[in-house]
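In the numbering used here, the protein residues as written are 12 to 395. We treat Cβ as the ideally placed atom computed from N, Cα and C, and that holds for glycine.
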Amino acid sequence: MTDLYDRALKVIPGGVNSPVRAMKAVGLEEPLFVARGEGAYLEDVEGRRFVDWVLSWGPLIFGHADPETVDVVVAAAREGTTFGTATEREVELAEEIVAAVPSVELVRLVSSGTEAAMTALRLARAATGREPFVRFRGNYHGHADPFLSEAGSGVRTLGLEAGGEGRVVDYNDLDAVEREVDGAACVFVEPVAGNMGVVPPADGFLEGLRRLCDASGALLVFDEVITGFRVARGGAQERYGVLPDLTVLGKIVGGGLPLAAFGGRGELMERLAPAGDVYQAGTLSGNPLATAAGLSVLRRLTPRVYEALEAKGRRLDALADYGRFERVGAMATLFADDYPALFRHLLGRGIYLAPSQNEAMFLSTVHGDDEIDRTVEAVAEFSA
Ligand code: PMP
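Listed below in structure tokens is the structure:
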């Protein structure tokens, strides 16, 4: 055991601040202790460098320590790191989000995807006067109580069963939704699943959800924490042309700083305090460093960026020769028969995948042909 992990275990439960960082699921004792990141690379405390396909679980669409993001954050910090009152920059970021995400007319900024999802559910319940809701086995919406049972990501990796509410049905199973949607406040869904590995929506699935929600009076909530600004600038709702009532955003929207958001139609969002009676608040909400980073990133996400990401994605599709490979835009998963062995093989060759099959590989503008080809070669070598 390294000294750092030994110290971590003495003061942090399990030695990590988020269970998905633990590596026991892939047969390793210790998490990766990172010293720094640059572009597509991570460097650990022992000086080993890795091509990083995790990118902090999705936010870093321009890679680690993106110079422009760093500059705006440093400049913002010099003017104060938090004020707890309104700023111009948070208005600008909200304007940017409203312009980009087709169904969002009003948006509120928070600090994590968990908070955003939790509040979207509260709002859907208040707006409909209904308590039950429908969600999908293997989707993940953060760690608020109602979302935990049969959730994806670390809940699934660790095989935990932790309370939870909601009528849980299989992803892509519209018949099951039809059976369960009656009297529901909302249907909560990842429009492209990314927390059970990448699973694209079946043809007609999102349209079917829209139809079932309209017929039953349930609200449709897209959790676009991963897909937002990733599978298209306007997220999955732009890519698939299906508009939800409420949208949950996180990761890319904060440019790699702690920021998330939820938004939707004006009259729904107006239910939030102080305009309405549904309470939600946050000391660091709309934080000036995070809004600076988010604005800098969102303003650079032009159509050319998505074309470039798609081209990189097509190059990465070579992985399909080595197992079931799913990709939607800049998110992908290679489902391997023995994922832990694949993970360890790649790590030994300087390539870092998520330490669980339930997560996605995240492409960024800084993954070049060289990083992609090295990854494909290492997988080929493993499969040989
Ligand atoms: N929703 C989805 C789809 C996510 O992938 C995540 C986190 N991976 C969350 C919500 C929760 O976000 P956070 O970790 O910022 O609380």
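- Residue burial annotation: Phe-94 is exposed, with fewer than 16 other C-beta atoms found within 10 angstroms of its C-beta.
- Of the heavy atoms belonging to ligand 1, none sits nearer than 7 Å to the Cβ of Thr-344.
- In the structure shown, the three-state DSSP call for Arg-133 is helix.
- The straight-line gap separating the alpha-carbon atoms of Arg-385 and Glu-142 is approximately 50 Å.
- Met-280: not part of any beta strand (DSSP E); member of the alpha helix (DSSP H) spanning 277-280, first to last residue.
- In this structure, ligand 1 has no non-hydrogen atom nearer than 7 Å to the beta-carbon of Asp-17.
- The segment 175-194 makes contact with the segment 208-228: 3 or more CB pairs, one atom from each, lie closer than 8 Å.
- Taking 7 Å as the cut-off, one finds at least one heavy atom of ligand 1 near enough to the beta carbon of Trp-68.
- Taken from the Cβ of Tyr-151, at least one heavy atom of ligand 1 lies inside 7 Å.
- In this structure, ligand 1 has a non-hydrogen atom nearer than 7 Å to the beta-carbon of Ile-237.
- Sequence-distant partners of Thr-80 (beyond 5 residues in either direction) whose C-beta falls short of 6 Å from its own C-beta, in its chain, are Gly-266, Ala-304 and Ser-307.
- Shortest gap from the CB of Gly-287 to any heavy atom of ligand 1: 7 Å or more.
- Placement of the Cβ of Asn-206 at a distance of less than 7 Å from at least one heavy atom of ligand 1 is found.
- Below 8 Å, too few C-beta pairs join the segment 103-113 and the segment 283-290 to call them touching: fewer than three.
- Exclusion of the five residues before and after Ala-389 leaves His-356, Leu-357, Arg-360 and Ile-362 as the residues of its chain whose Cβ lies within less than 8 Å of its Cβ.
- Under the Cβ criterion (8 Å, minimum of three pairs), the segment 111-119 counts as touching the segment 271-285.
- Gly-297 and His-152 have their C-alpha atoms spaced approximately 20 Å apart.
- Contact between Val-209 and Val-200 is absent: CB atoms are separated by about 15 Å, not below the 8 Å threshold.
- Of the residues Gln-368, Gly-340 and Ala-331, the one whose Cα lies closest to the Cα of Val-387 is Ala-331.
- Rounded to the nearest angstrom, the Cβ distance from Ala-86 to Thr-168 is 39 Å, too far for a contact under 8 Å.
- For Leu-220, the three-state secondary structure derived from DSSP is helix.
- Remark: the shortest separation between the CB of Ala-243 and any heavy atom of ligand 1 does not fall under 7 Å.
- Straight-line spacing of the CA atoms in Asp-256 and Leu-134 works out to 11 Å.
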